[in-house]
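Just so you know, the sequence shown maps onto residues 31 to 257 in the numbering used here.
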Amino acid sequence: MREIYGPIIRPVPEEVHINDPDFLDTIYVLRGRNNPNHPGLIIERSVAGAEDFYLHKMRRDALNPLFNMKFVLQMEDVIGQKCDRAMELTGVKFTKSFGWFVDLVLSFVPAGLRRNAVPSAVLDLIQFKTQAGKDIEALFPDPLTFDPERFMGQSPEVMKRKKCLMAMGKGHRRCLGLNLANAGMALVLARFVSEAGAMKLWETTYEDVEFKHDYQIAHPKVEYQGN
Numbered sequence: 031m032r033e034i035y036g037p038i039i040r041p042v043p044e045e046v047h048i049n050d051p052d053f054l055d056t057i058y059v060l061r062g063r064n065n066p067n068h069p070g071l072i073i074e075r076s077v078a079g080a081e082d083f084y085l086h087k088m089r090r091d092a093l094n095p096l097f098n099m100k101f102v103l104q105m106e107d108v109i110g111q112k113c114d115r116a117m118e119l120t121g122v123k124f125t126k127s128f129g130w131f132v133d134l135v136l137s138f139v140p141a142g143l144r145r146n147a148v149p150s151a152v153l154d155l156i157q158f159k160t161q162a163g164k165d166i167e168a169l170f171p172d173p174l175t176f177d178p179e180r181f182m183g184q185s186p187e188v189m190k191r192k193k194c195l196m197a198m199g200k201g202h203r204r205c206l207g208l209n210l211a212n213a214g215m216a217l218v219l220a221r222f223v224s225e226a227g228a229m230k231l232w233e234t235t236y237e238d239v240e241f242k243h244d245y246q247i248a249h250p251k252v253e254y255q256g257n
């Protein structure tokens with residue numbers, strides 16, 4: 031539909047779908063509003079979140095100190111005792127670039143990151159499709175090619191690419207365990223590369239890992255028997 035009607039479409043009366051990276055700051059602006067989020071997820075039962083803006087903020091403020099980078103680095107022995115130090119790994123430029131690449135090809139959150147419309151608007155729901163955003167060729171040329179170097183440097187183009195990566199969410203409702211996930215990924219990769227040795231894929235093709243279904247996280251084709 032976007033190829034026919036453009037990057038912003040309204041498929042049903044209460045939804046607007048957006049495939050335009052320049053629109054991110056408009057959607058993910060922080061507002062102290064009390065409009066409830068779209069009730070697509072039962073987050074009222076969550077420890078770390080809530081539909082109500084202020085209740086969500088109160089819960090997150092209590093938990094944020096337990097997941098900041100300083101606290102996560104103190105847990106590195108729990109994450110992986112035989113790996114290199116987390117501080118060294120998270121400080122390597124290529125490791126950071128590899129992390130950006132992993133963020134590009136994986137979807138840890140639902141493909142539609144739901145955001146409320148502004149209070150004066152008629153629409154109830156606004157979405158930016160993260161998977162579609164990652165496939166914008168102008169921003170991510172050949173997006174599924176292993177190319178961590180595309181995230182190295184501080185050029186305006188590179189900074190825009192980093193800004194548009196949202197596998198962990200964006201804004202005040204992003205993943206609470208972002209720092210823990212990044213440290214864990216670095217440690218696991220270090221152990222895997224150092225201990226696994228030469229490995230080859232076994233009966234695995236691109237179709238086995240291609241994004242096909244959205245079940246809160248990206249899933250391959252139903253026929254795939256792997257984990």
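In this text, a Cβ means the ideal position worked out from N, Cα and C, and glycines have one as well. Owing to the predicted nature of the structure, the values given are computational and were not obtained by experimental measurement.
Residue i, DSSP secondary structure in three states
i    : result
V77  : coil
D55  : helix
A168 : coil
V122 : Annotation note: pLDDT 49 at V122 (below 50); position unreliable, coordinate value reported separately. If DSSP states are grouped into helix, strand and coil, V122 belongs with coil.
V46  : strand
V139 : Residue placement at V139 is poorly supported in this model, since its pLDDT is 42, which falls under 50; the coordinates are not used for a value here.
R40  : coil
F222 : helix
M189 : helix
Q184 : coil
K230 : coil
Y254 : coil
D177 : coil
N212 : helix
R204 : coil
D238 : helix
A147 : A caution first: A147 carries a pLDDT of 42, below 50, which makes its placement in the model unreliable, though a value can still be read off. Note: A147 maps to coil in three-state DSSP.
Alpha carbon of residue i to alpha carbon of residue j, nearest angstrom
i    : j    : result
L169 : M196 : 14 Å
A147 : E45  : With a pLDDT of 42 at A147, under the threshold of 50, the predicted position of this residue should be treated as unreliable, and no value is reported.
A211 : Y35  : 38 Å
K100 : T56  : 31 Å
P250 : L174 : 15 Å
F83  : V223 : 42 Å
R32  : I39  : 7 Å
K242 : R90  : 32 Å
A216 : N209 : 11 Å
A80  : H202 : 12 Å
V188 : D52  : 14 Å
S76  : D172 : 38 Å
T235 : V252 : 14 Å
K87  : M198 : 18 Å
P178 : I48  : 27 Å
P186 : G207 : 28 Å
Q104 : V218 : 16 Å
E240 : L231 : 15 Å
Sub-8 Å separation of residue i and residue j beta-carbons
i    : j    : result
D50  : P37  : yes
C194 : L54  : yes
K192 : F176 : no
V102 : A213 : yes
Whole-angstrom C-beta distance between residue j and residue i, which should lie under 8 Å
i    : j    : result
Y254 : D238 : 5 Å
L96  : A78  : That pair is no contact at about 10 Å.
K190 : Y58  : Contact flag wrong, Cβ pair sits at about 15 Å.
Per DSSP, cross-strand counterpart(s) of residue i
i    : result
D244 : A248
I34  : For I34, which the question treats as bridged, DSSP gives no partner whatsoever.
Closer than 7 Å: residue i CB and nearest the ligand HEM heavy atom
i   : result
L96 : By its list of ligands, the structure shown contains no ligand whatsoever, and the ligand HEM lies outside what it can speak to.
Residue i at chain C interface by Cβ criterion, 8 Å
i    : result
R204 : Going by chain labels, chain C is absent from the structure shown, which holds only one protein chain.
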